[in-house]
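As given, the protein sequences belong to chains B and G, one line each in that order.
All residue numbers for the first sequence refer to our numbering, where the first residue is 645 and numbers rise by one.
All residue numbers for the second sequence refer to our numbering, where the first residue is 645 and numbers rise by one.
Every residue, glycine too, gets a C-beta built ideally from N, C-alpha and C.
Source: prediction; values computed, not measured.
This report refers to the structure that appears directly beneath it.
Number of protein chains: 2
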Amino acid sequence: MNKKYKLILVEDDSSLGYLLSEYLGMKNFEVVWAKTAEEAMLKTKSNAFDLAILDVMLPDMDGFELSQKIKGINPELPFLFLTARSLKIDVLKGFSMGAVDYLKKPIDEEELVVRINALLSRLTTSEEEEELASEYEMGDYILNMDNFELRHKGELIKLTGKEFDLLALLAKNQNQLCTHKEILTTIWDKNDYFNKKSLNVFVSHLRKHLGKDSRLSIVNVNRRGFMLRVEE
Amino acid sequence: MNKKYKLILVEDDSSLGYLLSEYLGMKNFEVVWAKTAEEAMLKTKSNAFDLAILDVMLPDMDGFELSQKIKGINPELPFLFLTARSLKIDVLKGFSMGAVDYLKKPIDEEELVVRINALLSRLTTSEEEEELASEYEMGDYILNMDNFELRHKGELIKLTGKEFDLLALLAKNQNQLCTHKEILTTIWDKNDYFNKKSLNVFVSHLRKHLGKDSRLSIVNVNRRGFMLRVEE
DNA sequence: CAAAAAGGTTAATGAAAGATTAATAGGATT
DNA sequence: AATCCTATTAATCTTTCATTAACCTTTTTG
Chain B
645 MNKKYKLILV EDDSSLGYLL SEYLGMKNFE VVWAKTAEEA MLKTKSNAFD LAILDVMLPD
705 MDGFELSQKI KGINPELPFL FLTARSLKID VLKGFSMGAV DYLKKPIDEE ELVVRINALL
765 SRLTTSEEEE ELASEYEMGD YILNMDNFEL RHKGELIKLT GKEFDLLALL AKNQNQLCTH
825 KEILTTIWDK NDYFNKKSLN VFVSHLRKHL GKDSRLSIVN VNRRGFMLRV EE
Chain G
645 MNKKYKLILV EDDSSLGYLL SEYLGMKNFE VVWAKTAEEA MLKTKSNAFD LAILDVMLPD
705 MDGFELSQKI KGINPELPFL FLTARSLKID VLKGFSMGAV DYLKKPIDEE ELVVRINALL
765 SRLTTSEEEE ELASEYEMGD YILNMDNFEL RHKGELIKLT GKEFDLLALL AKNQNQLCTH
825 KEILTTIWDK NDYFNKKSLN VFVSHLRKHL GKDSRLSIVN VNRRGFMLRV EE
């Protein structure tokens, strides 16, 4: 489920304003429609918008000027221009004022939506820095993906590159079968007889390394693959 | 003083490619021009780009497909499309693949530059937020980022520029692996065989400099990278 | 139950990667 | 122009580790 973004649309033309706000509403945006710059500023003061969409031609104020007023009210609020004036000088001016985009009318609604989504997803994902599991715990062992270390009760156990890769794959799928094919294609890139032989060697090495905790075992499922079993 | 951004331009048309790369070069960008998708992928592997500019029509591969390949090589690298095909379906497809923009030919160079600047200023300010400590303490050593000094129990140890850069990177990530790629692209800007050889020399120098505290060590993780380990 | 196939373990090997020291070259400074 | 400083390249030596091989044990199959 995605976050619902809140937009302010500043557009004096009634039919275009209505059309766009309806369309954006349908596309899961929360849209506030302002018909004048005055109105836009008031609403910006009292709402937490994620993006402002500004028409350049407004009855009471130039859109560029409005963008600066809005910046004064909420400097974090990104804005883009929507305009019939596609003069090159205007495009340059728009960006120089800090716009995140500049779209020429006639607007294609679908394109507008994908551009808005592209903008907002970039703006917000960089903030939300997702954390991907950097450690796997298996019995008394801890496999650290940041520094490629395996530790047993704090004691470092040296692993080679391939040993690590294999153990990481098994740990990621602990108590679940990893087929030969899956293992060989992800770690060796190639699924053939010789690499399968090599895999056996590495399984053997890992078993030695994991021997300090009897609850752990790498079990073979005949003709299918291997599984890291963690008991209890 | 602004950072010089590094771009890769993928464009098979010689005259347009030449024109754009010259123009962007004039505008203080470092531009690498690839004429084929193949070339683009190779260069992406060995360079730390800030943005990729992709033509949609390439001799050896579809630009959309190329964007996904590039994403596989460097998921952080933002890309935009440049195209003569302004079919609406293509615009939508471009954004759905993760593009940050989609520009229709004929390209106005000035507009391209302001769009690139708008994009990069937004993208990089959010990333580079990492708090920069002004000092890193490692065992008996103190690395001072303000005056570029390394001291051991007060005694100054002279470091060259590159030695300092490398140690700073390792210190920032102490007890965490720094991959070859990460090191080479941040300090050398380019990830190739010769720079990797150079890296070895610097690691060797740093080891000497850090030899006064046995709790510190720069460990190599075979085929992956280096890590500054600080014990207990 | 016997033969064949698959899996397990240990050791040998050779190519690739890493470490170290020295030589070289280019820029800056005096 | 001479000297110093530094990054890169070269040369050489050492270590690492994936693969291969050899041989043994277990499982499957007919």
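Item, Value
"Residue from B/Gly855, B/Met871, B/Lys856 with nearest C-alpha to B/Ile862", "B/Met871"
"Neighbour flag for B/Asn791 against chain G, beta carbons, 8 Å", "yes"
"Contact residues within the stretch 711-737 of chain B, judged by C-beta distance below 9 Å to chain G", "Pro722, Lys732, Val735, Leu736"
"Against chain G: residues of the stretch 781-810 of chain B by CB proximity under 7 Å", "Asp790, Asn791, Phe792, Thr804, Gly805"
"Sub-8 Å separation of G/Val700 and G/Ala681 beta-carbons", "no"
"Beta-carbon gap between G/Cys822 and G/Leu811 smaller than 8 Å", "no"
"Spatially closest choice to B/Phe725 from B/Lys749, B/Ile717, B/Pro719, B/Asn718, by CA coordinates", "B/Lys749"
"Cβ distance (whole Å) where G/Gly783 is taken to contact G/Val847 below 8 Å", "Incorrect: roughly 18 Å between the Cβ atoms, too far for contact."
"Spatial neighbours of G/Ile801 in its chain, beta-carbon cut-off 6 Å, leaving aside the 5 residues before and after", "Leu794, His853"
"Three-state secondary structure assigned by DSSP to B/Glu754", "helix"
"Residue-chain proximity (B/Glu774, chain G), Cβ-Cβ < 8 Å", "Note that B/Glu774 has pLDDT 38, beneath the 50 cutoff, so the model's placement of it is unreliable and no number is given."
"Reduced DSSP category for B/Leu763 - H, G, I as helix; E, B as strand; rest coil", "helix"
"Contact set for G/Gln820: own chain, Cβ-Cβ below 8 Å, skip 5 residues either direction", "Met871"
"Which residues DSSP lists as bridging G/Arg795, in chain order", "G/Ile786, G/Leu800"
"C-beta neighbour in chain G for B/Asp694, strict 8 Å", "no"
"Inter-residue Cα distance where the pair is G/Asp752 and G/Asp790", "42 Å"
"B/Ala692 versus B/Pro722, B/Pro703, B/Glu807, B/Ser665, residue with shortest Cα-Cα distance", "B/Pro722"
"Beta-carbon proximity check, B/Ile647 vs B/Glu674, cutoff 8 Å", "Residue identity differs from the one stated: residue 647 of chain B is Lys in this sequence, not Ile. It is not a contact, given that the beta carbons lie outside the stated cut-off."
"Cβ pair G/Val882, B/Glu755 closer than 8 Å", "A query on residue 882 of chain G cannot be resolved here, the shown segment of chain G reaching from 645 to 876 and no further."
"Cβ pair B/Glu876, B/Arg859 closer than 8 Å", "yes"
"Whole alpha helix (DSSP H) elements within the stretch 677-706 of chain B, 4-residue minimum", "681-690"
"G/Leu805 (DSSP reduced to helix, strand or coil)", "Note on residue identity: the sequence assigns Gly, not Leu, to residue 805 of chain G. In this structure, G/Gly805 counts as helix in the three-state DSSP scheme."
"Cross-chain neighbours of G/Ser592 in chain B, by beta carbon under 7 Å", "Because residue 592 of chain G is not part of the residues shown, which for chain G are 645 to 876, the question remains open."
"Residues sharing a beta bridge with B/Tyr746, DSSP", "B/Phe725"
"For G/Phe808, the nearest candidate out of G/Lys825, G/His824, G/Leu787, G/Ile652 (CA to CA)", "G/Leu787"
"From B/Leu695, B/Glu720, B/Ala728, residue whose alpha carbon lies closest to that of B/Asp657", "B/Ala728"
"Any chain B beta carbon closer than 8 Å to G/Val758", "yes"
"Reduced DSSP category for B/Ala663 - H, G, I as helix; E, B as strand; rest coil", "It is worth fixing the name first, because residue 663 of chain B is Leu in this sequence and not Ala. B/Leu663 falls in the helix class under three-state DSSP."
"When G/Ile652, G/Lys679, G/Lys671 are compared against G/Ser659, the one with the closest alpha-carbon", "G/Lys679"
"Simplified DSSP state of G/Leu653, which is helix, strand or coil", "strand"
"Proximity below 8 Å, CB of G/Ala762 to CB of B/Ala743", "yes"
"Limits of the unbroken beta strand (DSSP E) element including B/Gly855", "Here B/Gly855 belongs to no beta strand (DSSP E), and DSSP marks it neither H nor E."
"Chain G residues whose Cβ lies nearer than 7 Å to that of B/Phe739", "Val758, Arg759, Ala762"
"Below-8 Å beta-carbon distance, B/Asp752 vs any chain G residue", "yes"
"Proximal chain G residues relative to B/Arg744, where beta-carbon distance stays under 8 Å", "It is Val, not Arg, that sits at residue 744 of chain B in the sequence shown. Within chain G, the residues near B/Val744 are Ala762, Arg766."
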